[in-house]
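**Q** All residue numbers for the sequence shown refer to full-length UniProt numbering, where the first residue is 1 and numbers rise by one.
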Amino acid sequence: MTRIPFTRDDAALQGYVSGTGLPLLYQHGLGGAEAQVAETVPDHPGVRRLTLECRGHGASRPGTRRPFSIGLFAEDALAFCDAEGVGDLVVGGTSMGAAIALRIAVRHPGRVRGLILARPAWLFAAAPETLRPYVEAAAAMRAAAPAAAKAAFAASPTGRRLAAEAPDNYASLIGFFDAPDLAALADILADIAGDGPGVDRQEAAALAVPTLVIGHGEDLVHPLATAEALAATIPGARLARIPSKQSARPAHVAAFRAAVADFLAPLT
Numbered sequence: 001m002t003r004i005p006f007t008r009d010d011a012a013l014q015g016y017v018s019g020t021g022l023p024l025l026y027q028h029g030l031g032g033a034e035a036q037v038a039e040t041v042p043d044h045p046g047v048r049r050l051t052l053e054c055r056g057h058g059a060s061r062p063g064t065r066r067p068f069s070i071g072l073f074a075e076d077a078l079a080f081c082d083a084e085g086v087g088d089l090v091v092g093g094t095s096m097g098a099a100i101a102l103r104i105a106v107r108h109p110g111r112v113r114g115l116i117l118a119r120p121a122w123l124f125a126a127a128p129e130t131l132r133p134y135v136e137a138a139a140a141m142r143a144a145a146p147a148a149a150k151a152a153f154a155a156s157p158t159g160r161r162l163a164a165e166a167p168d169n170y171a172s173l174i175g176f177f178d179a180p181d182l183a184a185l186a187d188i189l190a191d192i193a194g195d196g197p198g199v200d201r202q203e204a205a206a207l208a209v210p211t212l213v214i215g216h217g218e219d220l221v222h223p224l225a226t227a228e229a230l231a232a233t234i235p236g237a238r239l240a241r242i243p244s245k246q247s248a249r250p251a252h253v254a255a256f257r258a259a260v261a262d263f264l265a266p267l268t
C-alpha cells in the first residue's frame, strides 16, 4: 500500500494505492477511513485499488469548503484518480462510499466499467430517516463539551434505542465523540446525513454496467430493503445478501470479500 498525499483547493487529503491492473476506486463510509476499505476489499490479483480518505476522515483534513456533500467527495475522489492517471475504472464503496460510487457512475457513465454498492444507506432521496441519528449526534457535539456530549447522546432515546436494537450502529456513532475535532465532525455528520447522492430512480435505471449490491439485515442505518431496491432498479444488478456485522462479523467479512472477488474476477 502506497500513501499518496493529495491536495484539492485548501484541503490536504490522503490517498492510498495498492496493486496493479484494473483500477478500482473504492470509498469508505461516513466516519470511516482507508482501514475500513482494507478490511473488506483487500488486494485482489490484477486489481489496482485506489481510496481517497474524504475530507475530515482519516488523515485527510477538512479544509474550509462548505457544505460537505456527497457530490464534493465524489469530485475529490475522481480528481485523485485523474492525478494518478486513471481513466476507465470500476467504482465502489460502502455506505456513504456507495452513494459516492452511484453518483460517479451516473455522472460519468462512459468512464465506469463496473459498480459496487455495499451496505447502501441512501436510495435516491436526500436525508433518509435512517440517518437521523447522525444529525442528532452532530447536534449533541455542538451543544456541549465532548464528554458531556457523548453522555447526552448515549442517554437520549435514539442512543438507547440503537444500543438495544443495533449495537454495531451504536458503537460507530458513540465512537465519533472521541474524535479530536468535534466541530468539523459535527459539520460533516450533519451535512452528509442531510444530503443524498443526487441521483434519481430514472438515472439509476439507465445504468448499463455490471453492478454488485451487497446488503444484510440487523442494521437500522443500512436497511437490507435499501440494497434490495437498488438492485431491483439497476438493470442486471446482482444482490449479495451476506451475514450481518452485528451477529457474525467474521462471516460478514468473509462473505463481503468473496462477493467482491467474484464480481471483479471476470472484469480483470
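Ideal Cβ placement from N, Cα and C applies to all residues, glycine included.
(1) Please list, in chain order, all residues of the same chain as GLY19 whose beta carbon is under 6 angstroms from its beta carbon, the five residues on each side excluded.
(2) By Cβ distance, which residues of its chain are closer than 6 angstroms to VAL41, with the 5 residues on each side in sequence left out?
(3) Excluding sequence positions up to five away, which residues of its chain have a Cβ less than 6 angstroms from the Cβ of GLY97?
(4) Have a look at the DSSP bridge pairing and note the partners of ILE188.
(5) Does THR211 pass the burial test, meaning 16 or more other C-beta atoms within 10 Å, or should it be called exposed?
(6) Could you check the C-alpha separation between GLY217 and SER244 for me, to the nearest Å?
(7) Excluding the 5 residues preceding and the 5 following ALA59 in the sequence, name in chain order all residues of the same chain whose CB lies nearer than 7 angstroms to its CB.
(8) What is the DSSP secondary structure of ARG132, counted as helix, strand or coil?
(9) Three-state secondary structure (DSSP) at ILE242?
(10) Have a look at GLN36, LEU78, VAL199 and ARG132 and flag the residue whose alpha-carbon is nearest the alpha-carbon of THR158.
(11) Name the residue from ILE242, VAL213 and SER247 whose alpha carbon lies nearest to the alpha carbon of VAL91.
(12) I believe residue 273 touches GLY196 by the beta-carbon criterion, under 8 angstroms. Please report the beta-carbon distance rounded to the nearest angstrom.
(13) If you count every other CB in all the chains shown that lies within 10 Å of the CB of HIS1, and 16 or more means buried, which is it?
(14) Using the rule of at least 16 other Cβ atoms within 10 Å of the residue's Cβ for burial, across every protein chain shown, is GLU129 buried or exposed?
(15) So PHE124 and ASP10 are supposed to be a Cβ contact under 8 angstroms. How far apart are they, rounded?
(16) Quick one: Cα of PRO167 to Cα of PRO120, how far?
(17) Measuring only the C-alpha atoms, how far is THR268 from ALA148?
(18) Using a threshold of 8 angstroms, state whether the C-beta atoms of ALA138 and LEU189 are closer than that.
(19) Residue range of the beta strand (DSSP E) that GLY31 falls in?
(20) List the residues that DSSP assigns as beta-bridge partners of SER18.
(21) Is THR268 helix, strand or coil when you go by DSSP?
(22) For the segment 180-187 and the segment 74-92, state whether three or more C-beta atom pairs, one from each stretch, are separated by less than 8 angstroms.
(23) How many angstroms separate the CA atom of MET141 from the CA atom of VAL135?
(24) Could you check if THR51 is buried or exposed, using at least 16 other CB atoms within 10 Å of its CB as the buried criterion?
(25) Going by the CB atoms, is the gap between VAL209 and ALA101 shorter than 8 angstroms?
**A** With the structure as the only source:
(1) Position 19 of the sequence shown, counted from the start, is the residue given in the question as residue 19. Excluding sequence neighbours, GLY19 sits near ASP43, VAL47, ARG48 and ARG49.
(2) As a first step, residue 41 is located in the sequence shown; it is residue number 41 there, counting from the start. Hits under 6 angstroms: TYR26 and VAL260.
(3) On the sequence shown, residue 97 is found 97 positions in, with the first residue counted as 1. Counting only Cβ-Cβ distances below 6 angstroms, and skipping sequence neighbours, we find GLN27, HIS28 and GLY29.
(4) If you number the sequence shown from 1, residue 188 lands on position 188. Bridge partners of ILE188: none, in fact.
(5) Mapped onto the sequence shown, residue 211 falls at position 211. Buried is the call here.
(6) Along the sequence shown, read from residue 1 onward, the residue named residue 217 stands at position 217. Along the sequence shown, read from residue 1 onward, the residue named residue 244 stands at position 244. Per the coordinates, the alpha-carbon of GLY217 lies some 6 angstroms from the alpha-carbon of SER244.
(7) On the sequence shown, residue 59 is found 59 positions in, with the first residue counted as 1. Only GLN14 and GLU53 meet the Cβ criterion.
(8) Working through the sequence shown from its first residue, we reach residue 132 at position 132. It is helical.
(9) Taking the sequence shown and counting its residues from 1, the one referred to as residue 242 is at position 242. The answer is coil: DSSP assigns ILE242 none of H, G, I, E or B.
(10) Locating residue 158 in the sequence shown gives position 158, counting from the first residue. Comparing Cα positions, the closest option is ARG132.
(11) In the sequence shown, residue 91 corresponds to position 91, counting from 1. Selection ILE242, VAL213 and SER247 evaluated against VAL91 yields VAL213 as nearest (Cα-Cα).
(12) What the structure shows of the chain is the stretch from 1 to 268, and residue 273 is not part of that stretch, so it cannot be assessed.
(13) Locating residue 1 in the sequence shown gives position 1, where the first residue counts as 1. His is not the amino acid found at residue 1; the sequence shown has Met there. MET1 comes out exposed.
(14) Here the question's residue 129 lines up with position 129 in the sequence shown. Exposed, because fewer than 16 other Cβ atoms sit within 10 Å of the Cβ of GLU129.
(15) Within the sequence shown, numbered from 1, the residue matching residue 124 stands at position 124. Within the sequence shown, numbered from 1, the residue matching residue 10 stands at position 10. A Cβ-Cβ separation of about 32 angstroms leaves PHE124 out of contact with ASP10 under the 8 angstroms criterion.
(16) Residue mapping note: residue 167 aligns to position 167 of the sequence shown, counting from 1. Residue mapping note: residue 120 aligns to position 120 of the sequence shown, counting from 1. Straight-line Cα distance between these residues: approximately 18 angstroms.
(17) Translated into the one-based positions of the sequence shown, residue 268 becomes position 268. Translated into the one-based positions of the sequence shown, residue 148 becomes position 148. Going by the C-alpha atoms only, they are around 50 angstroms apart.
(18) As a position in the sequence shown, residue 138 is number 138, starting the count at 1. As a position in the sequence shown, residue 189 is number 189, starting the count at 1. The beta carbons of ALA138 and LEU189 sit closer together than 8 angstroms.
(19) Residue mapping note: residue 31 aligns to position 31 of the sequence shown, counting from 1. For GLY31, there is no enclosing beta strand (DSSP E), as DSSP marks it with neither H nor E.
(20) As a working note, residue 18 is residue 18 in the sequence shown. DSSP lists ARG49 as the beta-bridge partner residues of SER18.
(21) As a working mapping, residue 268 is identified with position 268 in the sequence shown. In the structure shown, THR268 falls within a coil segment according to DSSP collapsed to helix, strand and coil.
(22) Counting Cβ pairs under 8 angstroms, fewer than three are found: no touch.
(23) Against the sequence shown, residue 141 aligns to sequence position 141. Against the sequence shown, residue 135 aligns to sequence position 135. About 10 angstroms.
(24) Sequence index remark: in the sequence shown, residue 51 carries index 51 (1-based). Counting Cβ neighbours within 10 Å, THR51 comes out buried, since at least 16 surround it.
(25) Counted from its first residue, the sequence shown places residue 101 at position 101. Counted from its first residue, the sequence shown places residue 209 at position 209. Not closer than 8 angstroms, so no.
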